[in-house]
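Residue numbers for the sequence shown, in our numbering: 100 to 407.
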Amino acid sequence: MSDRKKVKIVGRDIGDDEPPFIIGEIGINHNGSLENAKRMIDMADFADADAVKFQKREPEVAVPEEEWHKKRETPWGTLDYIDYKKKIEFGDEEYKEIDEYCKEKDILWSASVWDEPSFDFIEDFDVPFHKVASPMLTDHSLLKKMRETSKPIILSTGMSNMDQIMEAVEVLGGTHDLVIQHCVSTYPADPEELNLKAIQTLREKFDCPIGYSGHETGLQTTYAAVALGACTVERHITLDRTMWGSDQVASVEPFGFLRLVRDCKVVHKALGEGEKKVHPNEVEPMKKLRKTDDTGEMESLIDLYVDE
100 MSDRKKVKIV GRDIGDDEPP FIIGEIGINH NGSLENAKRM IDMADFADAD AVKFQKREPE
160 VAVPEEEWHK KRETPWGTLD YIDYKKKIEF GDEEYKEIDE YCKEKDILWS ASVWDEPSFD
220 FIEDFDVPFH KVASPMLTDH SLLKKMRETS KPIILSTGMS NMDQIMEAVE VLGGTHDLVI
280 QHCVSTYPAD PEELNLKAIQ TLREKFDCPI GYSGHETGLQ TTYAAVALGA CTVERHITLD
340 RTMWGSDQVA SVEPFGFLRL VRDCKVVHKA LGEGEKKVHP NEVEPMKKLR KTDDTGEMES
400 LIDLYVDE
């Protein structure tokens, strides 16, 4: 058993000896369509993920004013950037439907918030955990508001060095009810950029669960993250990677996400406890195949498992 702290989200323990807590990051891949959002919730539910996550912004607050009137080519024509951001944002009506739909499906949901008004909006839905998106790691005012809720917090660390991460943890009051996720904020991330050994570095530095938020293409490197000790896995999901949107290409399609959830759990099971010993199912092959001068050692091992 690990001495590392665990985090509990609605009765689900997150920690070293628990199956990885897997989040399907819908983000803004719904492109402002509630139907698309529900289809991705269905996708995550069918794959047996633990949660889905959205992104929430108040455009006039989150978008710098000098960016408002820059033109953007969109599926709805050429729009000012601020109008595009408004078009893809869900409001109260849509999130009420999302909340009810996730409850029907018995899957958790939350949202990364990019400003304090968005935090207040999402907190009104009493989400079970809060997620700090990598760009917000240095927004200490927002971190303090999150911690005041006493809810578990998942902190992504893209674009951050260790000093910034340590400062964020200090602002959050330490590692209680905290999951820290290794992340590289490039879309899609090249395997050479992923630096997965940083998961081990974070595990050595902090006594809370360490997770992984990936933006790469493919699944292999996410399995490696679980093998290196990631207790949570977050990957962007999409109905189709050819859909319009900046995050689509770094997202996982339905069949791939089904495989991802299944195989992350298999990798976790395969890790075992780390003690080198004779497995009970090895006893019969040992009788047939082992050659040793120490017959007493073999007999004692056989007797051990026969007695059990």
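The beta carbon of each residue, even a glycine, is placed where N, CA and C say it ideally should be.
In the structure shown, Leu254 falls within a strand segment according to DSSP collapsed to helix, strand and coil. For Ile197 against Trp208, the beta-carbon gap comes to about 6 Å, under 8 Å, which counts as contact. Rounded to the nearest angstrom, the Cβ distance from Asp115 to Cys330 is 6 Å, consistent with a contact under 8 Å. Note that the C-beta distance between Cys307 and His275 is below 9 Å. The beta carbon of Ser312 is closer than 6 Å to those of Ser255, Gln280, Cys282 and Glu333 in its chain, skipping five residues each way along the sequence. It is roughly 7 Å from the alpha-carbon of Asp346 to the alpha-carbon of Asn128. Per DSSP, Glu291 lies in no alpha helix (DSSP H) segment and is marked neither H nor E.
For the pair Lys230 and Ser259, the CB atoms are not nearer than the 9 Å cut-off. Around the beta carbon of Glu247, fewer than 16 other beta carbons lie within 10 angstroms, which makes this residue exposed. Around the beta-carbon of Gln263, fewer than 16 other beta-carbon atoms lie within 10 Å, marking it exposed. Non-local C-beta neighbours of Gly272 in its own chain, meaning closer than 7 Å and more than five positions away in sequence, comprise Arg246, ordered along the chain.
Note on Asp238: 16 or more other CB atoms within 10 angstroms of its CB, so buried under the neighbour-count rule. Distance between Ala326 and His367, taken at the CA atoms: about 7 Å. Taking every protein chain shown into account, the CB of Met142 has 16 or more other CB atoms within 10 angstroms, so this residue is buried.
Of the residues Glu374, Glu166, Phe218 and Leu293, the one whose Cα lies closest to the Cα of Ile181 is Glu166.
The beta carbons of Ile252 and Gly310 sit no closer together than 9 Å.
Minimum Cα-Cα distance from Asp144 among the listed residues Pro158, Leu133, Val162 and Ile122 corresponds to Ile122. Apart from the 5 residues on each side of it in sequence, Leu236 sits with its Cβ closer than 6 Å to the Cβ of Ser259 and Ala267 in its chain, given in chain order. The three-state secondary structure of Leu327, taken from DSSP, is coil. Residue nearest to Tyr322 within the set Thr337, Glu291, Leu370 and Glu352 is Leu370 (criterion: CA-CA distance). Between the alpha carbons of Glu215 and Pro227 lies a gap of roughly 18 Å. Taking C-alpha positions only, Arg361 is separated from His168 by approximately 44 Å. If the five residues before and after Arg171 are omitted, its C-beta is found closer than 8 Å to the C-beta atoms of Thr177, Leu178, Asp179, Tyr180 and Tyr183, all from its own chain and listed in chain order.
The beta-carbon distance between Tyr194 and Phe224, rounded to whole angstroms, is 6 Å. This is short enough to meet the 8 Å contact definition.
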